[in-house]
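The structure appears right after this line, and notes come after that.
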Amino acid sequence: MAAAPALKHWRTTLERVEKFVSPLYFTDCNLRGRCGPWSPAAGRPQPCASSFPSGEKPKLQPPGPRDKVPAAGRAGQGRGRGGGVREWTVPRSGQAALLAEDPGKVRPHRPAGPQAETGRPPACAHRPVPRRLFGASCPVAVLSSFLTPERLPYQEAVQRDFRPAQVGDSFGPTWWTCWFRVELTIPEAWVGQEVHLCWESDGEGLVWRDGEPVQGLTKEGEKTSYVLTDRLGERDPRSLTLYVEVACNGLLGAGKGSMIAAPDPEKMFQLSRAELAVFHRDVHMLLVDLELLLGIAKGLGKDNQRSFQALYTANEMVNVCDPAQPETFPVAQALASRFFGQHGGESQHTIHATGHCHIDTAWLWPFKETVRKCARSWVTALQLMERNPEFIFACSQAQQLEWVKSRYPGLYSRIQEFACRGQFVPVGGTWVEMGLGWPERLPAPHPALTGAASHFLHCQDGNLPSGEAMVRQFLQGQNFFLQEFGKMCSEFWLPDTFGYSAQLPQIMHGCGIRRFLTQKLSWNLVNSFPHHTFFWEGLDGSRVLVHFPPGDSYGMQGSVEEVLKTVANNRDKGRANHSAFLFGFGDGGGGPTQTMLDRLKRLSNTDGLPRVQLSSPRQLFSALESDSEQLCTWVGELFLELHNGTYTTHAQIKKGNRECERILHDVELLSSLALARSAQFLYPAAQLQHLWRLLLLNQFHDVVTGSCIQMVAEEAMCHYEDIRSHGNTLLSAAAAALCAGEPGPEGLLIVNTLPWKRTEVMALPKPGGAHSLALVTVPSMGYAPVPPPTSLQPLLPQQPVFVVQETDGSVTLDNGIIRVKLDPTGRLTSLVLVASGREAIAEGAVGNQFVLFDDVPLYWDAWDVMDYHLETRKPVLGQAGTLAVGTEGGLRGSAWFLLQISPNSRLSQEVVLDVGCPYVRFHTEVHWHEAHKFLKVEFPARVRSSQATYEIQFGHLQRPTHYNTSWDWARFEVWAHRWMDLSEHGFGLALLNDCKYGASVRGSILSLSLLRAPKAPDATADTGRHEFTYALMPHKGSFQDAGVIQAAYSLNFPLLALPAPSPAPATSWSAFSVSSPAVVLETVKQAESSPQRRSLVLRLYEAHGSHVDCWLHLSLPVQEAILCDLLERPDPAGHLTLRDNRLKLTFSPFQVLSLLLVLQPPPH
């Protein structure tokens, strides 16, 4: 017998196999194609429209060179949020583009003529066809629907009036819901076969069967069929009724023209396919095998022997496989099995494949739609678990689990069952509060779940929330997992956020976490991060093990290309031999498909490729820890070189975040003091938990950053208003309890919520709505009575404020500490530290200079500000003569001016200097109506330093003021919290703020970012009126010794004048004070798990970056003091000795300590 001729031409063989699995060519002898009408011009049968995306038949092209076309893993963009750019060829043949992404993915029909009227599938679906992925088909028996603007529960929806519907019908508009009732009759002839409901419509669908959700349907997530039965039995029912709930939005919202554009409110949606069909599983598996073999051949390349073996195996399969004769399929499959059964060696890199479905809590869709996204995605994952017992799925966010528990209790029970089996791994200990009106009460944990592991935490913004807010994310989330699944998380999971604070490692440690998975730094615009597996050392020296999936995505699909990239891209070769591989559609939900699982299982241990195992996060990190001796360490923040516009976008959201963090801090402190001093006071634990969860909800990484649609931003502002309103009510209640039983006149209680004594000017309310200025002194974390009227006060201990307006229109403000000179347009020409005579403003320059930039990012409008915006700097020039004196001096002096920013926007500002105050304040009001502009204010300093200091959570860090390296200039726009400082030896200048986060220091110019004007995804972002305050503080010596940290706190936490319904105390009182200015007492609250509700938790941190011993002075009746962690779990060796109402504490640089104080029983 003659030997078969050798294959000599790589491209010919490759394209032969590609065309065998492609619906584009020779469909009468093609494994995938379906018979269509005869085309005389082409001389061969043409594929029907149902074989192609969007129902359009592409032009057939002869074999030949083809242009590479970039295509993204997400629709409408060049770079998906979960990963990088992929390529396919035109026409879309071969590897992933042409094969069904999921068993049951059927291309949409294009209804026309009588087909559109009857809703029947095209005629070709009823002709005798060769054996293909889908065989015989028939239309659904009866189809009816109704449309509603509400998101109705199932029980209510099925009672509505359904009217006849048909394939081709349109429905909408955006954010509405169309419910379909689908009545089915399965033909008798299909006994013994796998039967699917094939459903294609725009929007996101959820199939309901027998009153429970059973599967999500979405074309974008490649889920276009629902398996009615794996094998139709003789006695199985032939008729059944399903309901399909279709949301009028896509996986990624409903942007008008592009994904991130503002939603199109008039968008309509269409049902393009609804029929029953027989599914041929053997054809599907052959397609998977051929796709993988093609991927190996292409991925390993022509110089690799294993590549040729894969190609030859695929070619042999084509030789033996006749699409019209199913009996040839086992022979072809045996050839593939022989290839995939050839195993690699022990040194192979191991890929840990975990199912994943990142669902943004709100982004291009509202919060309430996220609830349904969770149900659609997770019920589909459960269905895959039933069919694939080895499949493990990691689920993000405790808040989302709580939503599903409230809205879909049956689904939640199934989730608990699969969590018990170890297949459904909840990953989300950081809390993002529901706030949507569903019940908050939680039932007892499922009894079978004791010991069930939840491994990960997710997914607030990593830059903007305060340190205490970050702690509360963990505290709320971890408590949820402990209650619901019997175990706290051991890893932190943050796949999609816009940077990582240098204090995160310490916060993780304090919450019992030593492992961290993320990948967003793969988006860096300038520098490639040098590691994928490493140790991360935080500001205080805490270290955690970090892993970035080397595939640079959390939305893999299981292709050979992705598997090979995971190994090739790994930057820690030789140091780490294990990698994560997160697969499943994400951002808008969707999750894994059966095809993804089939690919990964087939690649489990194949020579030439890394080993692939379906694995859990815990297995991955255990493997990484077991061989971690050679790993490198990264010290300090993980800065994302992209999305730095999110520090400024939606300024009202930023302001609401800062204000509400302050309000909750103050309410907790006063409520704690009232609890300690009043036997009758009930700490408002439930109300505070509700308000904290609203705040934490808004700290999701696409909300507080402002990168969300208008609907989400408006809802977030409503949450802030709720916190303000209820928080102020709780403040008044606590103040009333503190005043109970005190002698003295009724009136006001002046409260200081900061841990140091303060003497400040404040405006006290008078009858009739007026205010009067008073100089008040209030002790640390305590209160004082209202001082007598100014005329009765003794002589001021400090020099009063002098205000002088010169003949040229300039104004000088002087309080004996600093002297401020403003030019006639309101710019700062001089700022002198009086004691030393040192000038803070650079020679020949002016401060308080507003500057406007063009702000046109490459793509991500609300997210990005590009470095080239700095080339468009335009100073905003005022008109001389607009500066006028406001308050004329004494306790306070001020001047104010108006500034026309542009023909559409204007600004007014009052420059204020108080007696005894080391900084000058700039109270600013802006009416902002711009498009793609960026407003900043600049202060050129007479200071030279290569480093500037910025406040972060529980501390501060330095960043360069120069652009020496690409790592330096990539930080042209950075984030900070309440202050930044530029200092040289002996002198410095600090810029404080009350609600801003974007900042930069370039050379000697301090710049604060004020307002942006992006138009996507919210076309109204930042438009309107804004109020904010910033302040400038020159200082002698270091910023630590000069009190910059305390000054910034004071600016953000003003003294409170609270009404006292009963007589106010006649004397001052302080609850806590700290002996060292380096230590900040940040939080005082009631303990979460206090049995008698009579325990407090205090959180302190070292703020200077030093080792320090200090004394904490207490005025409360404390019975016991114990060190605890951030989750408030006592340290068995942490008992502290109370001496003369004092506790001695020892801190290392930037260390955070928590204390549990057990209060003595109150006197009866």
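Residue numbers (our numbering): 1 to 1164.
Positions of the beta carbon are idealized from the N, C-alpha and C atoms, including for glycine.
Look at the beta carbons and you see the stretch 603-619 not touching the stretch 240-260: under three pairs across the two are nearer than 8 Å. Linking residue 897 to residue 811 through their CA atoms gives a straight-line distance of about 11 Å.
In the three-state reduction of the DSSP assignment, residue 317 falls in the helix class. Within the same chain, Cβ atoms closer than 8 Å to the Cβ of residue 1055 are found at 750, 751, 752, 758, 760, 762, 776 and 778, the five residues on either side in sequence being excluded.
Restricting attention to 182, 161 and 147, the CA atom closest to the CA of residue 139 is found in 182.
Residue 881 counts as exposed, since fewer than 16 other beta carbons sit within 10 angstroms of its beta carbon. Residue 804 sits exposed, since fewer than 16 C-beta atoms from the chains shown fall within 10 Å of its C-beta. Of the candidates 1131, 208, 836 and 922, the residue whose Cα lies closest to the Cα of residue 986 is 836. Bridge pairing for residue 493: 517 [DSSP]. Residue 965 has its alpha-carbon roughly 56 Å from the corresponding atom of residue 1117. By the neighbour-count criterion, in which a residue is buried when 16 or more other Cβ atoms sit within 10 angstroms of its Cβ, residue 511 is buried. Contact between the stretch 866-879 and the stretch 261-277 is absent, with fewer than three C-beta pairs closer than 8 Å. At a Cβ-Cβ threshold of 8 Å, residue 1004 and residue 960 do not count as neighbours. Of all C-beta pairs linking the stretch 329-336 to the stretch 286-302, three or more are shorter than 8 Å, placing the two stretches in contact.
When the five nearest sequence neighbours on each side are left out, the beta carbons in the same chain lying within less than 6 Å of the beta carbon of residue 509 are those of 542, in order along the chain. Between the alpha carbons of residue 952 and residue 588 lies a distance of about 31 Å. Here residue 337 is exposed: its Cβ has fewer than 16 other Cβ atoms, across all protein chains shown, within 10 Å.
Counting the other Cβ atoms within 10 Å of the Cβ of residue 632 gives fewer than 16, which makes it exposed. Secondary structure note for residue 348: it is in no beta strand (DSSP E), with a DSSP letter that is neither H nor E.
Secondary structure of residue 379 (DSSP, three-state): helix. In the DSSP assignment, no residue is bridged to residue 663.
Annotation: residue 1070 to residue 1145 spans about 19 Å, alpha carbon to alpha carbon. Contact between residue 562 and residue 551 holds, since their C-beta atoms are separated by about 5 Å, short of 8 Å. If you compare the alpha carbons of 860, 1017, 1061 and 184 with that of residue 523, the shortest gap goes to 860.
The Cβ atoms of residue 315 and residue 16 lie closer than 8 Å to each other. The beta carbons of residue 195 and residue 276 sit closer together than 8 Å. In its chain, beyond the 5 residues on either side, 328 and 332 have a beta carbon closer than 6 Å to the beta carbon of residue 321. Taking residue 14 as reference, the option from 29, 174, 298 and 198 with the minimal CA-CA separation is 298. For residue 969, the enclosing alpha helix (DSSP H) covers residues 966-969. Contact between residue 608 and residue 583 is ruled out by a C-beta separation of about 20 Å, above the 8 Å threshold. In this structure, residue 353 sits near residue 612, with a CB-CB distance shorter than 8 Å. Burial check for residue 917: the Cβ neighbour count within 10 Å reaches 16 or more, so the residue is buried. In this structure, DSSP gives residue 232 a state outside helix and strand, which the three-state scheme calls coil.
Per the coordinates, the alpha-carbon of residue 699 lies some 15 Å from the alpha-carbon of residue 359. Going by C-alpha positions, residue 1102 is about 15 Å away from residue 756. Every alpha helix (DSSP H) stretch that sits fully inside the stretch 909-996 and reaches 4 residues is listed by chain position as 966-969.
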